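Chains as they are written, first to last, in the numbering used here: chain P, 1 to 338; chain A, 339 to 676.
Glycine included, each C-beta is placed from N, C-alpha and C at the ideal position.
Every value quoted in this text rests on a predicted model; they were computed, and no experiment measured them.
Before any comments, here is the structure.
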DNA sequence: CTGAAAGCGCTTACAG
DNA sequence: CTGAAAGCGCTTACAG
């Protein structure tokens, strides 16, 4: 076996192999690889030919080490298969497309995973930037992140001093409740998330808006009308069945998410209640299932939030001043459940 | 400013800083980092202390270059926000959890993106292994992949000689159709995907099973009963409305996916048809929306397919012989639309 | 324009 | 057990 083919078989060609074959220095090869103008046409051609003949491809691993960057951005997402999270992710992917960054995904469903994510994953050494979706950050995680000097953008999470893209959840809760009030309802229940170990706040924020709207309408919010279950359709359904079986049942329900609202719809059907005649229901998010179920809801710009978050992160990585673009406003989508 | 804090401020500490502070060689530091037993307790302690004092963390970037690996696996997924794909991804993430591999996600929605994925992304240099979901691989992409010698596993895609986890789509189509036949239907329509530029085959495979089941029941499949739309609920709904408006309309529909079946359900409602009395409907996949819509369907083990694919890939990376575990069988889930 | 050399931050034979 | 050195495959001043 001649030396060339042996080499070709043993390991992928390196920049040195190319230099040797083209009869130039590795610096020159690197320059043509990086489209530097400081290369004569003559050598450029020779190098290019050697590259083609050898089937050479530059090692991004080595390049990144040399350049001190990763060419990758990380996304930390809790329960990433949740429809609303998927939709945000979709926006992130859209914004990243064609930008030459790899997307590293990190799912977190437990506090252990969150700690892992921030300790091992959120590192300057591995990532050029980090996007955190819907996950509140703890104090000590924050100091670690700060030490990392890693460009960081929060989507659907708040933190003073950090770049973030958020909606006004309380306002959304108000809109939903107002909608129900305008339809003449006076006994409106709220069904939201039980506090999670991960500390999500959206559900409670929306409930605050609900209470505010009630008060403005002269109705004192009742604890007995506030229900909370672990997130998910099934849990919501079970809880709602209990709620609707009560003697004094509400005439309308505001659910803190579409997923839960669909559970309420199922409970209503199980209880033989007509929707919206016997029970009006409104959700939050406007994910696809809401359209399918004919569910009235508050639309929040999910995909757009991911897209915007990623765009801001990319700008930050490029050292461009952080743009503060606005998300489209929340709006009530009226369908047949209200 | 003293040298130490200057250094600390300028850049993260390296293994050399640790060695210097501990008064040992970098090799020794590397050894304690890698839990080599070839280090005296004395030095191990000194090194550990220096690490703690400096807040040193090893650069995985440099480590990977030195070791010649990436510690990452790539996932190529078409339209990754499609519920069935999300569910497979979920399985992949589950199998990867705690295994120390990063997950690189690559979405492909166009043939350009697919070419990109295989050219720039599917590289030994960037990945330790690759998982391809639901995407047929072209001939020349395959030769490139082979040259890469990258461990590769296909999920929901076939290719002779490659590790893969697949279901028998034609059989699934048979099951669905048989179910409808057993309910007494004789005029059964099929609604599936229009051929996609990406070359997905599941829909046509399922249609073949449908035709087979009909023939076995002594019914000759009619071209007029085979309908195809671009994937998606809306397209299916529109197509189905046309189909149901015909003079001679079918009494049942087998849709090649739940997403499309839900579109059929919407069309039925729009046409004032009762389900299942006037029109029976069965889908395929058993994604969450099927449960919500009360849709009868053929359940395929989506999450399990991702989990299994990832497990096989991990084993292959570790040089373990490829295990050929089986997926749970396809089964008809009977709900209220049939 | 160009090549030799140093450097990115690790790992691992090699020779004690 | 241990340190000095070479090597992983690039990039980029530096000195022509």
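Scanning chain A for C-beta atoms nearer than 8 Å to the C-beta of residue 81 (chain P) yields 424, 425, 427, 428, reported in chain order.
Here DSSP, grouped into helix, strand and coil, assigns residue 444 (chain A) to strand. By the beta-carbon neighbour count (other beta carbons within 10 angstroms, threshold 16), residue 647 (chain A) is buried. For residue 370 (chain A), there is no enclosing beta strand (DSSP E); the enclosing alpha helix (DSSP H) has its first and last residue at 364-371. With respect to residue 385 (chain A), residue 356 (chain A) sits close: the two C-beta atoms are nearer than 9 Å. Linking residue 145 (chain P) to residue 162 (chain P) through their CA atoms gives a straight-line distance of about 11 Å. Of all residues in the segment 590-614 of chain A, those with a C-beta nearer than 7 Å to a C-beta of chain P are 600, reading in chain order.
Among the CB atoms of chain A, one or more fall inside 9 Å of the CB of residue 93 (chain P). Neighbourhood of residue 445 (chain A) in chain P, by CB distance below 8 Å: 93, 97, in chain order.
Residue state for residue 241 (chain P) is assigned as helix, using DSSP reduced to three classes. For residue 327 (chain P), the closest of P:315, P:292, P:301, P:311 by C-alpha to C-alpha distance is P:301. Within the segment 46-64 of chain P, the residues whose Cβ lies closer than 9 Å to any Cβ of chain A are, in chain order, 55, 57, 58, 59, 60, 61, 62, 64. Nearest to residue 495 (chain A) by C-alpha distance, out of A:376, A:470, A:509, is A:470. Within chain P, no C-beta atom comes less than 9 Å from the C-beta of residue 624 (chain A); the nearest is roughly 15 Å away.
Among the residues of chain A, those whose CB is under 7 Å from the CB of residue 289 (chain P) are 627, 630, following chain order.
The segment 445-465 of chain A makes contact with the segment 48-67 of chain P: 3 or more CB pairs, one atom from each, lie closer than 8 Å. Interface criterion met: the Cβ of residue 12 (chain P) is under 9 Å from a Cβ in chain A. Under the three-state reduction of DSSP output, residue 164 (chain P) falls in the strand class. One alpha carbon belongs to residue 593 (chain A), the other to residue 529 (chain A), and they sit about 5 Å apart. At least 9 Å separates the beta-carbon of residue 512 (chain A) from that of residue 566 (chain A). Straight through space, the alpha carbons of residue 307 (chain P) and residue 629 (chain A) are spaced by roughly 30 Å. Secondary structure of residue 637 (chain A) (DSSP, three-state): strand. Contact between residue 128 (chain P) and residue 71 (chain P) holds: their C-beta atoms lie close to 7 Å from each other, under 8 Å. Sorting A:675, A:358, A:349, A:350 by C-alpha distance to the C-alpha of residue 517 (chain A) places A:675 at the top. Short of 8 Å from the beta carbon of residue 38 (chain P), and not among the five residues preceding or following it, lie these beta carbons of its own chain, in chain order: 31. For residue 597 (chain A), the secondary structure class from DSSP, reduced to helix, strand or coil, is helix. Residue state for residue 253 (chain P) is assigned as strand, using DSSP reduced to three classes. By the Cβ rule, the segment 572-586 of chain A does not count as touching the segment 535-542 of chain A, because fewer than three pairs are nearer than 8 Å. Proximity of chain P to residue 440 (chain A) at the Cβ level (cut-off 7 Å) is accounted for by 104, in chain order.
At a C-beta separation below 9 Å, residue 408 (chain A) has these neighbours in chain P: 61.
With contacts defined by Cβ atoms closer than 9 Å, residue 636 (chain A) and residue 670 (chain A) form a contacting pair. DSSP lists A:635 as the bridge partner or partners of residue 621 (chain A).
Residues of the same chain with a CB within less than 7 Å of the CB of residue 287 (chain P), apart from the 5 flanking positions on each side, are 83, 84, 87, 258 in chain order.
Among the bridge pairs identified by DSSP, residue 526 (chain A) is matched with A:590.
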